[in-house]
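Chemist: Dropping a structure here in structure tokens format, bear with me for questions.
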DNA sequence: GTTTGTGAAATAGTTCACAGCA
DNA sequence: TGCTGTGAACTATTTCACAAAC
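Chains as they are written, first to last, in the working numbering: chain E, 54 to 264; chain F, 54 to 264.
Laid out in structure tokens, this is it:
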């Protein structure tokens, strides 16, 4: 057990939680680092090293108790409570995100939605009434929003993110395909499928008889 | 200029392309590594080092010609042509992906869609006729599909991915929230917003007065 | 015998710092 | 002078290898 945990290690924890939840579902009680590593395409050593940053969860000669490790990791990640999200931008993409059924079962609930378009303000989407952007700051406080999801056009993303930062938000998930600036104490994760695709074409273009 | 380029370097190239395209749009002709680094929240040294893996694109005392560097990077990434994609799974998520307007302008076109549900097969979604899963292998070949997008439920993802691999696909973008196995010669990128959120809660839970 | 947890060694990635060119 | 391109130095991350626990 050590202090100051590398970011890469933290970023792998959610994958472990997901995998362990599957094992738990399948009524598997114990798993060792070899099998766990195989499951995620990584070395057993790395699994053990990663876990060792947080404590000693295994039993020599036996492996890890799935239910126990799952519960420990969930607690470490703060997944033992529900997190409240606000979505900014309720266009095509924003609606798809609000409709996505994968958030609630994993502890993330959309409690507020904002847009600047007169014609959508006041309407209800996926059970949430869309509010005016002007109400963002107060609503974020009143509804105790922990995380903001940005789904506005690229041109407006930075402006919206600045507004979110001013309202005190410390975690932002950005779907707009632009790099955005945030202060060091705010976390920003980006979801951009095109960036992921463009990383793959490099290898595609190099392999077979392309071009 | 060197050989054997680190994956992290390749993964940053799409971001450079995106940023340079913005600069080009704004009629900026030259940019130096300092300003470019500032734009992406990284050091000028890293920008220069990254680019040096592919060639010498800059001019001492002046910086980089935006149009030139953009065109070079596009070519390196294989973005100077259009890539054909097939989508597997045309449920709620699959439709949202097919409706997304951000792919085509950036060179990615959905040319085929597959589902196993009788009631959607034959229907047209976003200009593409949905085909039976059984036709996947032949359609992938006939339509020269380069990249597959997986949007089926988690339980079916591995099976679908195996099928795609057998059909000869070398690049897969997986939206299903599971870790999937692919042979070493196949690239798989995952889009899982919940994983991104769970990485952020670790820090949220640690900062202020949460819990 | 099996498998963990962990320092030490090895490898990968980033930053430094400066020669050389415009 | 200003800024690139790049080895060398440094830092981060992964892998090794083994003592200790079961």
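Virtual Cβ for every residue (Gly too), placed ideally from N, Cα, C. Being a predicted model, the structure only gives us computed values, none of them experimental.
#1: Give the residues of chain E in contact with residue 250 of chain F, contact being defined as C-beta atoms less than 7 Å apart.
#2: Whose CA, out of F:216, F:214, F:196 and F:85, lies closest to the CA of residue 181 of chain F?
#3: Tell whether a beta-carbon distance below 7 Å holds between residue 202 of chain F and residue 138 of chain F.
#4: With DSSP as the reference, please indicate the residues paired to residue 200 of chain E in a beta bridge.
#5: Quick one: what's residue 274 of chain E bridged to in DSSP?
#6: Would residue 111 of chain F be called buried (16 or more neighbouring beta carbons within 10 Å of its own) or exposed?
#7: With a CB to CB cut of under 8 Å and the five nearest residues on each side skipped, what residues in its chain are close to residue 66 of chain F?
#8: Residue 170 of chain E lies in the beta strand (DSSP E); which residues open and close that run?
#9: How long is the line joining the alpha carbons of residue 105 of chain F and residue 93 of chain F, rounded to whole angstroms?
#10: Can residue 173 of chain E and residue 193 of chain E be called in contact, C-beta distance under 7 Å?
#11: Here's a check: name, in chain order, each residue in its chain whose Cβ is nearer than 8 Å to the Cβ of residue 162 of chain F, leaving out the five neighbours to either side.
#12: Please identify, using Cβ separations under 7 Å, the residues of the segment 97–127 of chain E that lie next to chain F, in order along the chain.
#13: For residue 62 of chain F, would you say it is in contact with chain E, using Cβ-to-Cβ distances shorter than 7 Å as the test?
#14: Using a Cβ-Cβ cut-off of less than 8 Å, give me the residues of the segment 161–193 of chain E that come near chain F, in sequence order.
#15: Sort F:113, F:223, F:243 and F:187 by Cα distance to residue 237 of chain F and report the nearest one.
#16: Compute the Euclidean distance between the alpha carbons of residue 199 of chain F and residue 255 of chain E, then round it to the nearest angstrom.
#17: In terms of residue numbering, what span does the alpha helix (DSSP H) encompassing residue 149 of chain E cover?
#18: Determine the direct distance from the alpha carbon of residue 247 of chain E to that of residue 263 of chain E, and round the result to whole angstroms.
#19: Residue range of the beta strand (DSSP E) that residue 240 of chain E falls in?
#20: Is there a Cβ of chain F sitting closer than 7 Å to that of residue 73 of chain E, yes or no?
#21: Is any beta-carbon of chain E found at less than 7 Å from that of residue 140 of chain F?
#22: Note down the Cα distance separating residue 81 of chain E from residue 119 of chain E, rounded to an integer number of angstroms.
#23: Leaving out five residues on either side along the sequence, give the residues of the same chain with a beta carbon under 7 Å from the beta carbon of residue 122 of chain F.
#24: Among the residues of its own chain, which have a CB less than 8 Å from the CB of residue 190 of chain E, if the five just before and after it don't count?
#25: Given this structure, state the Cα-to-Cα distance separating residue 78 of chain E from residue 116 of chain F, to the nearest angstrom.
#26: In the DSSP output, which residue or residues are listed as bridge partners for residue 184 of chain E?
#27: Ignore the nearest five residues each way along the sequence and tell me which others in residue 35 of chain E's own chain have a CB closer than 8 Å to its CB.
Modeler: According to the data block:
#1: If you number the second chain from 1, residue 250 of chain F lands on position 197. Under the 7 Å cutoff, chain E gives 161, 200 and 226.
#2: Position 128 of the second chain, counting from 1, holds the residue named residue 181 of chain F. Selected option, being the one with the closest Cα: F:196.
#3: For this step, residue 202 of chain F is matched to residue 149 along the second chain. For this step, residue 138 of chain F is matched to residue 85 along the second chain. Taking 7 Å as the Cβ cut-off, residue 202 of chain F and residue 138 of chain F qualify as a contacting pair.
#4: Mapped onto the first chain, residue 200 of chain E falls at position 147. Beta-bridge pairing links residue 200 of chain E to E:138 and E:224.
#5: Outside the displayed range of chain E (54 to 264) lies residue 274 of chain E, so it cannot be described from this structure.
#6: Taking the second chain and counting its residues from 1, the one referred to as residue 111 of chain F is at position 58. It counts as buried.
#7: Within the second chain, residue 66 of chain F is the residue found at index 13, counting from 1. Only 103, 126, 129 and 130 meet the Cβ criterion.
#8: In the first chain, the residue the question calls residue 170 of chain E occupies position 117. Careful: residue 170 of chain E lies outside any beta strand (DSSP E) and carries neither H nor E.
#9: Locating residue 105 of chain F in the second chain gives position 52, counting from the first residue. Locating residue 93 of chain F in the second chain gives position 40, counting from the first residue. C-alpha separation (whole angstroms): 18 Å.
#10: By 1-based counting over the first chain, the position of residue 173 of chain E is 120. By 1-based counting over the first chain, the position of residue 193 of chain E is 140. Contact flag unset, no.
#11: Working through the second chain from its first residue, we reach residue 162 of chain F at position 109. Counting only Cβ-Cβ distances below 8 Å, and skipping sequence neighbours, we find 135, 136, 137, 138 and 156.
#12: none
#13: Your numbering for residue 62 of chain F matches position 9 in the second chain. No, its Cβ sits nowhere closer than 7 Å to a Cβ of chain E.
#14: 161
#15: Residue 237 of chain F sits at position 184 when you count from the first residue of the second chain. Measuring from the Cα of residue 237 of chain F, the nearest candidate turns out to be F:223.
#16: By 1-based counting over the second chain, the position of residue 199 of chain F is 146. By 1-based counting over the first chain, the position of residue 255 of chain E is 202. Cα to Cα, residue 199 of chain F sits roughly 12 Å from residue 255 of chain E.
#17: Locating residue 149 of chain E in the first chain gives position 96, counting from the first residue. Counting along the chain, the alpha helix (DSSP H) containing residue 149 of chain E begins and ends at 145–152.
#18: The residue labelled residue 263 of chain E in the question sits at position 210 within the first chain. The residue labelled residue 247 of chain E in the question sits at position 194 within the first chain. Reliability fails at residue 263 of chain E, whose pLDDT of 46 lies under 50, so the model's placement of it is uncertain and no value is given.
#19: Looking up residue 240 of chain E in the first chain gives position 187. Here the beta strand (DSSP E) through residue 240 of chain E covers 240–243.
#20: Counted from its first residue, the first chain places residue 73 of chain E at position 20. Closer than 7 Å: no.
#21: Your numbering for residue 140 of chain F matches position 87 in the second chain. No, residue 140 of chain F does not count as interfacial toward chain E.
#22: Taking the first chain and counting its residues from 1, one reaches residue 81 of chain E at position 28. Taking the first chain and counting its residues from 1, one reaches residue 119 of chain E at position 66. One C-alpha to the other measures close to 7 Å.
#23: Translated into the one-based positions of the second chain, residue 122 of chain F becomes position 69. Same-chain partners within the cutoff: 73 and 110.
#24: As a working note, residue 190 of chain E is residue 137 in the first chain. Within the same chain, residue 190 of chain E has close Cβ partners 216, 219 and 220.
#25: Residue numbering aside, residue 78 of chain E sits at position 25 when the first chain is read from its first letter. Residue numbering aside, residue 116 of chain F sits at position 63 when the second chain is read from its first letter. One C-alpha to the other measures close to 56 Å.
#26: In the first chain, the residue the question calls residue 184 of chain E occupies position 131. Its beta-bridge partners are E:167.
#27: In this structure chain E extends from 54 to 264, so residue 35 of chain E is not present and cannot be described.
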